[in-house]
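Heads up, the thing below is written out as structure tokens.
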Amino acid sequence: MEQDVLSRREAMVERHLAARGIRDPGILAAFREVPREDFVPENLREFAYDDGPLPIGEGQTISQPYIVAAMIEAAEIARGDVVLEVGGGSGYAAALISRIADRVFAIERHKPLADAAELRLARLGYDNVTIIAADGSGGLPDEAPFDAILVAARGPEVPEALKRQLKVGGHLVIPVGGEDVQKLCRITRTGEDRWDSSDLGAVRFVPLIGTHGLSEDGTRAASVHRPAVEKTLAELVAEAAEPLPEIDDPAFAAAFDRYADKRVVMLGEASHGTHEFYAARAAITRRFVEHHGFTIVAVEADWPDAAAIDRYIGHGPPRPGAPKPFRRFPTWMWRNPVIVELIHDLRALNDGRTDEAKAGFYGLDIYNMAGSIEAVLAYLDKSDPEAARVARERYACLTPWQTDPSVYGRVALSTGYAECEAAVVKQCRELLDQALADGEGAGLLDAAMNARLVASAEKYYRVMYYGGAESWNLRDAHMAETLERLLEARGPQAKALVWAHNSHIGDARATDMGAVRGEHNIGQLIREKLGDEVALVGFGTHTGTVSAASDWDGEREVKRVVPSRRDSYERVCHEASDLGPGRSFLLDLAGGDAALRRRLAEPRLERFIGVIYRPETERWSHYSEAVLPEQFDAYVWFDETRALEALDARQPHAGVPETYPFGL
Ligand code: SAM
22 MEQDVLSRRE
32 AMVERHLAAR
42 GIRDPGILAA
52 FREVPREDFV
62 PENLREFAYD
72 DGPLPIGEGQ
82 TISQPYIVAA
92 MIEAAEIARG
102 DVVLEVGGGS
112 GYAAALISRI
122 ADRVFAIERH
132 KPLADAAELR
142 LARLGYDNVT
152 IIAADGSGGL
162 PDEAPFDAIL
172 VAARGPEVPE
182 ALKRQLKVGG
192 HLVIPVGGED
202 VQKLCRITRT
212 GEDRWDSSDL
222 GAVRFVPLIG
232 THGLSEDGTR
242 AASVHRPAVE
252 KTLAELVAEA
262 AEPLPEIDDP
272 AFAAAFDRYA
282 DKRVVMLGEA
292 SHGTHEFYAA
302 RAAITRRFVE
312 HHGFTIVAVE
322 ADWPDAAAID
332 RYIGHGPPRP
342 GAPKPFRRFP
352 TWMWRNPVIV
362 ELIHDLRALN
372 DGRTDEAKAG
382 FYGLDIYNMA
392 GSIEAVLAYL
402 DKSDPEAARV
412 ARERYACLTP
422 WQTDPSVYGR
432 VALSTGYAEC
442 EAAVVKQCRE
452 LLDQALADGE
462 GAGLLDAAMN
472 ARLVASAEKY
482 YRVMYYGGAE
492 SWNLRDAHMA
502 ETLERLLEAR
512 GPQAKALVWA
522 HNSHIGDARA
532 TDMGAVRGEH
542 NIGQLIREKL
552 GDEVALVGFG
562 THTGTVSAAS
572 DWDGEREVKR
582 VVPSRRDSYE
592 RVCHEASDLG
602 PGRSFLLDLA
612 GGDAALRRRL
622 AEPRLERFIG
632 VIYRPETERW
642 SHYSEAVLPE
652 QFDAYVWFDE
662 TRALEALDAR
672 QPHAGVPETY
682 PFGL
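Using our numbering, you'd call the opening residue of the sequence shown number 22 and step up by one each time.
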């Protein structure tokens, strides 16, 4: 068996189960043993050890591992037990239970799924499981009573027949509720005619279709749980949405003036290649710099690259010998016409302003380690040649890996120690100390930030090799610290606009990032520090086109964005936009209607497109569960959007010198 699969399975057990509180060693051992990759379709095997559901055919899914573990744990399944599972699907949960209990019966209403599950289990040699193709909503009276019954599909209520097939002391675990979200209930039979019930939290399952469940179209739940007169979520959103004019209409940016008194306004994006997200953020940025005293524009770009733009908009000369900025994939994120126009305008706004009043353009990201090393050395060469010689020696340790720093992580790991850490940390500390002592002139601030970046990047590439939350957390903590240092450096009145992906600026605690993977992000970290002084503004779209690659380092392609899924926030906004507010609107989530917030707080899927877009596996590559009103203070909607253009494809912008700052 491939080592890779085993280590990914182990990582799933550690990160998604043990770390989230599944303690029972028998359950963890079962998850270590059963090969989930054998229970999912061939083309989705790469996602087998993500903690999410996956399609298995017939419109059904294999459940999320954590939920299966939580259900088995709640059912208190033990050696010697006879267990019934309703909704056998791929047979994965039944296989897990079979590693713990003595006997398992799993009922699946779709015969092709039941047949495939039976074959699979036989092949794996799990001979204490019986798969039955039938409607299981009424249980399996012939084999009752059971020590435990698990139902892997949502019912409008708890079927009486299942309660009656439990042994006294046995547990029935079943999701109960309407279409959007259900409660996971545990029913314990405490006597011949007595049952206790407890609520295990919110879940989302496919419908239990059958005599004791829902009708074939799965609609009965809605009428059971929601009075017909209650408004739909889309109607509530439509009522609360504030229509936005075209982006180039001054009234567009003025709609965001409600955030003008914040210290930090974070502007998100649901993809790294959508024209409207860039144009909207540029319009808001112009207005806030011109009228509201914002002097920091901090973006999800590399520090040394953004520094070239900063020099340009601050009317500084190019730094001799500085490498051309934004050469690293994905170049379109910054080499695009919207950014060219914005920096041109920021330069004009800065004209005649004092240094303190000038707006600066800063990069929060850590990927250009080589650029930062170069900038530190260039600064020291000019200011202190002896210090430059020492720094050169220290950074020499990283030199072999500069073109491909990810290799450094592997080498540092295999040699068993962090080779370059001490040297780069020392360099960073010295420059930061000097910056503090000397009051941070612009050149020194830049050099100190670069030295900090090299130290963060060294650690990042080391932990990146392990994958998972640690490297993500390190990167976002670096971004948050960079922003804090900028706010300090620009003085107590300084106010910042931040541009970064929704996944960075939307509070991670309200998404699977925080809830499932233990990741934090800049939105969460700054919100924890500044509370109400920060506004987190998310952006979203239903369909259109997007600039994205198919693989890392791939060419930019213009790809069609698949219309949003039925069970997503995007679909709610799409339906809302048809009901009145139009194709673009602002949804104020912080103020606004309590009923809307409550209904919006039922978790839904949200789409995250980065620089890579894979429509073929969209659900598993790009959607993740979120609670929108906790994630953002406001949400900006563009129903249909178009791909961001790349600069190279166009003529240079009139007024911006052809060779500076982009060096085209
Ligand atoms: N436990 C499964 C696994 O590990 O792959 C996943 C279950 S999937 C979330 C729910 C399954 O319940 C679907 O395969 C669906 O066809 C099945 N189902 C729905 N109603 C049913 C019923 N009345 N009787 C039996 N199976 C049912």
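Glycine residues also receive a C-beta, built at the ideal position from the N, C-alpha and C atoms.
Quick one: does the C-beta of residue i sit closer than 7 Å to a heavy atom of the ligand SAM?
i	result
residue 77	yes
residue 109	yes
residue 55	no
residue 129	yes
residue 60	yes
residue 81	yes
residue 158	yes
residue 167	no
residue 1	What the structure shows of the chain is the stretch from 22 to 685, and residue 1 is not part of that stretch, so it cannot be assessed.
residue 87	no
residue 234	yes
residue 475	no
residue 52	no
residue 84	yes
residue 134	yes
residue 226	yes
residue 113	yes
What's the gap between the Cα of residue i and the Cα of residue j?
i	j	result
residue 184	residue 222	20 Å
residue 438	residue 229	Its pLDDT being 49, under 50, residue 438 is placed unreliably by the model, and nothing is read from it.
residue 393	residue 337	19 Å
residue 572	residue 543	26 Å
residue 608	residue 668	32 Å
residue 274	residue 497	28 Å
residue 593	residue 638	22 Å
residue 591	residue 465	45 Å
residue 518	residue 302	9 Å
residue 656	residue 330	29 Å
residue 626	residue 589	4 Å
residue 445	residue 472	8 Å
residue 17	residue 355	Given a span of 22 to 685 for the chain in the structure shown, any question on residue 17 remains unanswerable.
residue 178	residue 82	21 Å
residue 375	residue 29	55 Å
residue 135	residue 112	8 Å
residue 63	residue 641	14 Å
Considering Cα atoms alone, identify which of the options is closest to residue i.
i	options	result
residue 33	419, 68, 186, 154	68
residue 615	503, 99, 263, 650	650
residue 97	667, 57, 171	171
residue 665	546, 413, 295	295
residue 512	573, 494, 379, 588	379
residue 318	306, 311, 325, 326	306
residue 662	29, 595, 647	595
residue 644	404, 580, 524	524
residue 660	398, 561, 618, 203	561
residue 537	446, 85, 81	85
residue 290	592, 618, 567	567
residue 43	517, 628, 605, 95	95
residue 500	401, 515, 485, 470	470
residue 339	452, 312, 399	399
residue 195	329, 226, 60	226
residue 352	367, 389, 60	389
residue 580	65, 556, 632	632
residue 636	173, 600, 606, 585	585
residue 419	630, 411, 391	391
residue 142	654, 116, 121, 167	116
residue 26	642, 55, 47	55
residue 652	534, 87, 101, 630	534
residue 124	135, 150, 114	150
residue 605	355, 285, 261, 332	261
residue 47	91, 83, 78	91
Quick check: does the Cβ of residue i come within less than 7 Å of any heavy atom belonging to the ligand PLP?
i	result
residue 174	Ligands present in the displayed structure are limited to the ligand SAM, and the ligand PLP is not among them.
Could one say the Cβ of residue i lies closer than 8 Å to chain D's Cβ atoms, at least one of them?
i	result
residue 97	The displayed structure is made up of one protein chain only, and chain D is not part of it.
Three CB pairs or more closer than 8 Å across the stretch 128 to 148 and the stretch 97 to 108: Counting Cβ pairs under 8 Å, three or more are found: they touch.
The stretch 548 to 565 contacting the stretch 262 to 273, beta-carbon criterion three pairs below 8 Å: Contact between the stretch 548 to 565 and the stretch 262 to 273 is absent, because fewer than three Cβ pairs lie under 8 Å.
The stretch 338 to 348 / the stretch 319 to 326 touching (three or more Cβ pairs under 8 Å): Three or more pairs of CB atoms, one per stretch, sit closer than 8 Å, so the stretch 338 to 348 contacts the stretch 319 to 326.
Whole beta strand (DSSP E) elements within the stretch 310 to 359, 3-residue minimum: Qualifying beta strand (DSSP E) stretches, in chain order: 317 to 323.
Unbroken stretches of the beta strand (DSSP E), 3 residues or longer, contained in the stretch 572 to 649: List check, beta strand (DSSP E) in window: 578 to 582, 605 to 609, 625 to 628, 644 to 647.
Every unbroken beta strand (DSSP E) within the stretch 155 to 200, with a cutoff of 3 residues, ordered by chain: Within the stretch 155 to 200, the complete beta strand (DSSP E) runs of at least 3 residues are 167 to 172, 187 to 198.
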